[in-house]
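Notes for the one structure printed next.
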Amino acid sequence: MSALDGVPGALARLEARQALGRPAPNAAPVRFTLDGNEITALPGETILQAAARHDVPVPHLCYTEGLRPDGNCRACMVEIAGERVLAPSCCRYPTKGMQVSTKSKRALKAQKLVLELLLTDSPEPAPGVDSELNRWARQLGVSAYRLPRRAQPEPDLSHPAIEVRLDACIQCTRCVRACREEQVNDVIGYAHRGSEAKIVFDLDDPMGLSTCVACGECVQACPTGALLPVLTQAPGERPRPERVVESLCPYCGVGCQTTIHVRDDRVHAIEGRDGPSNLGRLCVKGRFGFDYVHHPQRLLKPLIRREGVPKDAMQLADPGRPLDVFREASWEEALDAAACGLQALHSSHGPGALAGFGSAKGSNEEAYLFQKLIRVGFGTNNVDHCTRLCHASSVAALMENVSSGAVSNQVSDVQYADCFLVIGANPTVNHPVAATFMKNAIERGAKLILADPRRTELARHATHVLQFRPDTDVALLNAMLHTIIDEGLANRDFIRDRTLGYEALAGMLRAYSPEAMQHICGIPAAEIRAAARLYATSPRAMIFWGMGVSQHVHGTDNARCLISLALLTGQIGRRGTGLHPLRGQNNVQGASDMGLIPMFYPDYRPVTDPAARAYFGELWGRADLDPEKGLTVVEIMNAALKKQVRGMYIMGENPAMSDPDVAHAREALAALDFLVVQDIFLTETASLADVILPASAFPEKTGTFTNTDRRVQLGRAALPLPGEVRQDLWIIQELARRLGLDWSHRESADVWQEIRRAVPSSGGITWERLEREHAVTYPCRNEGDPGESVIFTQSFPTPTGRAQFTPAEFRRGDEPPDAEYPLVFITGRILEHWHTGAMTRRAGVLDALEPLPMVSMAPAELAKLGLAPGDAVTVRSRRGSVTALVRRDPAVPAGSVFMPFAYVEAAANLLTNPKLDPFGKIPEFKYCAVGVERAATAPGVAGYGIAAEVWAGGEAEARAEGPAAS
Amino acid sequence: MAYPYRDEREVRILSAHFGDPEARTLAGWRQRGGYEALGQALALSPEQVTEIVKNSALRGRGGAGFPTGLKWSFLRNDGRPHYVLVNSDESEPGAFKDRELCRWTPHQLLEGALINAYAIRAQHVYIYMRGEFFEPAQIVARAIDEAYAAGIAGPDVLGSGVTIDVTLHLGAGAYICGEETALMNSLEGRRGQPRVKPPFPAVFGAFGQPTNINNVETLCTVPHIIRNGADWWRSIGTDKSTGTKLFNMSGHLVRRGNFEFPLGFNMKELIYDVCGGIRDGRSLKAVIPGGSSVPMLAAHELDIPCAYERVATAGSKLGTASMIVMDDRTDIVKQVRRMVEFYAHESCGQCTPCREGTAWLARIMRRIEAGQGTEADLALLVDLGKNMTGTTICVLSDSAAAPVLSSLAKFKDEYLALIGRAAPVAAAV
Ligand SMILES: Cc1cc2nc3c(=O)[nH]c(=O)nc-3n(C[C@H](O)[C@H](O)[C@H](O)COP(=O)(O)O)c2cc1C
Ligand code: SF4
Ligand code: SF4
Ligand code: SF4
Ligand code: FES
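Respectively, the protein sequence lines represent chains V and A. Position 809, counted from 1, in the first sequence is what this note's numbering calls 809; the numbers after and before it change by one each time, with no gaps. Counting from 1 along the second sequence, just add 966 to a position and that's the residue number in this note's numbering.
Here is the structure:
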């Protein structure tokens, strides 16, 4: 297994084939004769693959690497000695001594006829489209058309991202396999028979009205340009890229590798690259959400707040008109101003008056230098980032019980699982490409237990759907734990050999029978028992969770229960088992590893540990590092309001949108004496800054990013910096120098060298290897280590080597619904928009797909309130209110309201409760009380001026019907 | 109800009870010796049963003539779930034998299928029946119910402890679903289109598990072989084509219908004596001997034994022994065009040569028929037809090409007449 790790594509190929359930092909190399030459096919290679590797091209259209060979186009026919009929080389495996001819008269004739038949009804390829059909036709010299062209279908231009031009379709079904087998979105079908056979979306709906989630996999798979990305620039022309750059997707923690196509220094397309975490797949954000970098609102010059313009938490600056509030400045002036402002507060109020928020969107190198700057330059541990808001409680529970906050097994391990539990996560929306691997596993036979208050998309694929009442995770999970002990399904050996604290857990669990808990969590006892049994008795079972678990005042307890579940059954430390908190941001794992957290130095060494302090004091050349834990995100905001924190440096984070009770957070930011913000847009946070430093966007920089799988991957710069924008690394280092540190300017590769010393678990990963292999999994302590994809195989990294059971009693959330606020408010994300929307709402396709803030409610709840989809409603909590359109969504349970937090014009976080989990210090984003009523006035259309006008009026109502209604 | 025609020379084994409604019931069937063979088989080991079928040299009656016992022996005792599929999709123009077997002798079919299931250690039999077979489906369903009630199907077959379930599944009007792997896809609820082979059904069949599939007639034969022995079966017919076969006679004949004869029976005799020759005193122009998917034979080529190997030497195939006989008034181009249109309509549409090729053939045939063809079109037909043969996932493509190629070889003058090179033959009559 591990031998294949790191060989790009090899494992993927093997797994893809296993997933098909077809008999295993040649397990050993095979010698056979190809066109008279003896060659060797590698294990699992088809005739076509072996030929290609020996530079013998065989025409092929329906076959493409990564998809199940289907053998339908018959362009790849070869003649095998002794066989009556020709064979499709894309699906035939050679056997020993087989004699294959790719160019016999008969084979060539068959290949050419296929090309002719297809070419006859195909249009000339659109300019810039490199049709594989035309390429092979040229190569084989096929051009004669012996029949006139038939009438061809009209283009379908109903989708904002994808053009459908079926006149160019050759029925190869690559798109069908991409959509159904690879992404398992089940949108594209092959309808009708014979020459009437055609590609359809759903029941032959226009693509734009179908259930398509715009992952674009079909576009990437299509060999002829029948499916094309909508042109975002220079309509009518599809220029070939001037260069392609191998990089990464900037959005979620899955860590998809991409190929960025660049022309005229602009991104002009993104393709999925065969990375270990994505195997060439992408989602709508990664594939189509790239043009934000070219948005006219990009900050291109340093800005300084105009004299006398007050900071108004209630009236944020217009991101399209920064000069109303700020004036442009030179880098020299802006950096001096930033450094002076912070320095002055340091002198007058001491290090504790300063704080920094780094970003999980930045690289490891940026995160590392950022926390180092705060610790060494500011002299405080007041440094944090948005991991606090997503998985702090998960990490707290993991650190407490297994002494490691990272995932134990990678997403791709789900291939080996017989069963997996997904709880409090909506991967098809938030980790779409990870979700494809889960769906692949289910197609292969794995069983899914889905636990979530919302009936999310994965429910369609689940064996058990546990739609429990919001806030009752612990009741449900304890009942499952109870069942496992009660029914004798616990793994006695594992508990005896590898854990501590079983007795205490078992004792506490006695009170948590499913029969008692069913009334609390709303899941019938028999169902709880069945799910627990399935998890416990499966040979290999995995757990994935998301922020539905972590973002509660009892988030740490929720995670403790999940850890106990794995420990109790011994479902950890092996392939296809383990614990996987799905990380949110593209570098949230890395930012945490780099010590961008107030209680830990890099590699999770506690700041309170004198040995750790001594080590980093030495490495960083400052003996008197702050010995106290710093404040966390929400605590810093509170401290700012109390004037305990007075100055901040915020890089690439947007607390003015992402914090709970965001009005309060905005007040806190406004209350700061001095705020430096480094970002690519005038975010809500930046609008309260004193100095704004224009930052580099993802495709403009090179650095490493660590995904949810503990894979360190290399992102490479594809674009030059626009305007006067500078590299973030340069900015941090310039500030450091102005704060009196003797830092020289170093590139990412150089900073990585230092990181290897600071983070020994990644110490074996060299920059050269990253450049070569693009991704390396840690732990990788010594150069040449393959990297451990499964950890805890022998022991846990705790002092005793054993994991700990920590019992968790059921407690209620902080703010249950009541008469005045009768509904539960759940926040989250939608597929098209990332986090606070700063990037995605400035990406044309994404903005067009989801332009307006929506509140989703159950049909029954709408009926109760006399509301129709598309009506404007006001949602109010004890902290604020927002107005948005209401969407009918049967996935939302009655009694609840769901709202994404990406929309500034209706910022969901104005409503959320800042109450913290006592251990993880994570706020309760997933549960507070609200009331909903019809709004007096409709919300204004906002956004960032891309598609807004298109959606004014009736379109919005159509959209409000939601996917389930269409 | 008496069955339409009988002939003294027939050897009625499978069709012995055609026209006898009593034989449809379990009691009636048992009186006629029914389910004795199943009992005999259950007393043997599965391998022994397969061995008997192998020794009988029985060849599949679904068209390809593949040795049945050999096919059964491909399934190994590997502990995986195995399935028996009964191919009762009979949709080929000219074929109507399986329908009659289902209508008159449903228990004969069940018995054969159960023996097959026992022999390959399958616990489930699926009978996939053409959707239009409304009456046969009702009859077979009733027989299944009777078999369950009598303990012949279900958890303890005839008290042997062996479990064999039987499910009847109706198709939905696609000829292609008679192709064995398309049938499997259809049964599984997928799009009914053939699968690429290898892997073959014995390795990757229904639901991805080892599967045996046989034609209705093939399985109906099995109980007789078990009861009377392989030698008995081999004593009928020729060396390479053992036993009897139902001949489905249709077209411009005086007597039409099913006739059961030992394989090797003379084709000319069959047409002229048994079926009384051509109607209305006309003469014979062409015969398609094995269902619409085999090459046609001209009148002078018919003095041959109806055995797989002998029809093959004559340049065609015995196929399902569904003979379509055409008289001298037949417009060959029109007939071929209609057959080609049938295949174009029924092509599942995945393989390029078949999807595009059948559509091309049909367009060219229509063009010729309308008098707008050229001689280049004939060359194109040949070129296309040859390249549609042996190049696709299933043989539907070959089947579409067969009538075109054989008619061009044997009746080229009729094509030439239509492209203005000779006087139209049809008009001369
Ligand atoms: C297009 C096509 C249609 C077919 N239709 C039938 C059918 O209706 N009934 C049948 O028994 N076999 C049919 N076959 C043949 C089957 O694929 C298969 O060979 C047969 O069921 C095997 O049974 P046997 O070995 O008993 O002959 C068809 C084959 C093709 C290519
Ligand atoms: S974009 Fe994705 S979901 Fe939409 S049709 Fe294509 S593959 Fe399917
Ligand atoms: S749309 Fe493209 S990928 Fe899909 S079948 Fe047609 S040519 Fe193939
Ligand atoms: S030959 Fe025709 S019917 Fe058979 S699989 Fe190919 S397209 Fe389908
Ligand atoms: S590439 Fe092999 S059949 Fe299409």
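Built from N, CA and C at the ideal position, the CB exists for glycine as well. Fair warning: this is a prediction, and the values are worked out from it, not measured in the lab.
Query, Result
"Alpha helix (DSSP H) segment containing A/Tyr1309, residue limits", "1298 to 1312"
"Spatial neighbours of V/Met438 in its chain, beta-carbon cut-off 6 Å, leaving aside the 5 residues before and after", "Val414"
"Residue span of the beta strand (DSSP E) that contains V/Arg177, given as start and end", "No beta strand (DSSP E) contains V/Arg177, which is instead part of the alpha helix (DSSP H) from 174 to 177."
"Chain A contact for V/Gln415 (CB, 8 Å cutoff)", "no"
"Terminal residues of the beta strand (DSSP E) in which V/Leu421 lies", "419 to 423"
"Cβ-Cβ separation, V/Leu641 to V/Leu565 (assumed contact under 8 Å), whole Å", "So it is not a contact: roughly 40 Å between Cβ atoms."
"Secondary structure of V/Met857, DSSP reduced to three states", "strand"
"Classification of V/Asn185 by the beta-carbon crowding that lies within 10 angstroms, buried from 16 upward", "buried"
"Residue(s) in a DSSP beta bridge with V/Asp679", "V/Pro694"
"Backbone secondary structure at V/Lys915 - three-state DSSP", "strand"
"Residue-level contact to chain A via CB, V/Tyr292, 8 Å cutoff", "no"
"Beta-carbon proximity list for A/Ser1085, same chain, < 6 Å, skipping 5 on both sides", "Note on residue identity: the sequence assigns Ala, not Ser, to residue 1085 of chain A. Cβ within range, chain order: Pro1012, Val1015, Thr1016, Trp1038."
"Residues, ordered as in the chain, of the segment 1346 to 1357 of chain A that lie near chain V by beta-carbon distance below 7 Å", "Leu1346, Asn1353, Gly1356, Thr1357"
"Straight-line Cα distance separating V/Pro123 from A/Leu1344", "27 Å"
"Segment limits, beta strand (DSSP E) that includes A/His1135", "1131 to 1136"
"Among V/Asn909, V/Thr708, V/His835, nearest to V/Ala434 - alpha-carbon criterion", "V/Thr708"
"A/Ser1288 to A/Phe1213 span [Cα, whole Å]", "6 Å"
"Amino acids of chain V, ordered along the chain, whose beta-carbon sits closer than 9 Å to that of A/Ser1313", "Arg193, Gly194, Ser195, Ala197"
"Counted within 10 angstroms of its Cβ, other Cβ atoms place A/Tyr1309 as buried (16 or more) or exposed", "buried"
"Below-8 Å beta-carbon distance, V/Ala110 vs any chain A residue", "yes"
"Through-space distance from A/Gly1315 to A/Ser1258, alpha-carbon basis", "19 Å"
"Every unbroken beta strand (DSSP E) inside the segment 693 to 755 of chain V [3 residues or more]", "703 to 706, 711 to 715"
"Closer than 8 Å to chain V by CB, A/Thr1129", "no"
"N- and C-terminal bounds of the alpha helix (DSSP H) containing V/Leu369", "364 to 372"
"Straight-line gap, A/Pro1271 to A/Ala1278 (C-alpha atoms, nearest Å)", "11 Å"
"Per-residue contacts from A/Gly1281 into chain V (C-beta, under 9 Å)", "What A/Gly1281 touches in chain V: nothing, since even the nearest Cβ is about 16 Å away."
"For V/Ser789, the nearest candidate out of V/Met839, V/Ala907, V/Arg710, V/Glu820 (CA to CA)", "V/Arg710"
"Of the listed residues V/Thr463, V/Trp620, V/Glu832, V/Thr258, nearest to V/Leu279 (C-alpha basis)", "V/Thr258"
"Ordered list of beta strand (DSSP E) runs contained in the segment 1194 to 1261 of chain A, each at least 3 residues", "1210 to 1217, 1223 to 1228, 1250 to 1254"
"CB contact below 8 Å: V/Arg146 versus chain A", "yes"
"Contact list for V/Leu300 against chain A, beta-carbon separation under 8 Å", "In chain order: nothing, as chain A lies at least about 53 Å away."
"A/Val1162 at chain V interface by Cβ criterion, 8 Å", "yes"
"Any chain A beta carbon closer than 8 Å to V/Pro88", "yes"
"Reduced DSSP secondary structure (H/G/I, E/B, other) of V/Pro655", "helix"
"Neighbour list for V/Gly71 in chain A, Cβ cutoff strictly below 8 Å", "Val1162, Ile1359"
"beta-carbon V/Cys215 near ligand 3 non-hydrogen atom, thresh 7 Å", "no"
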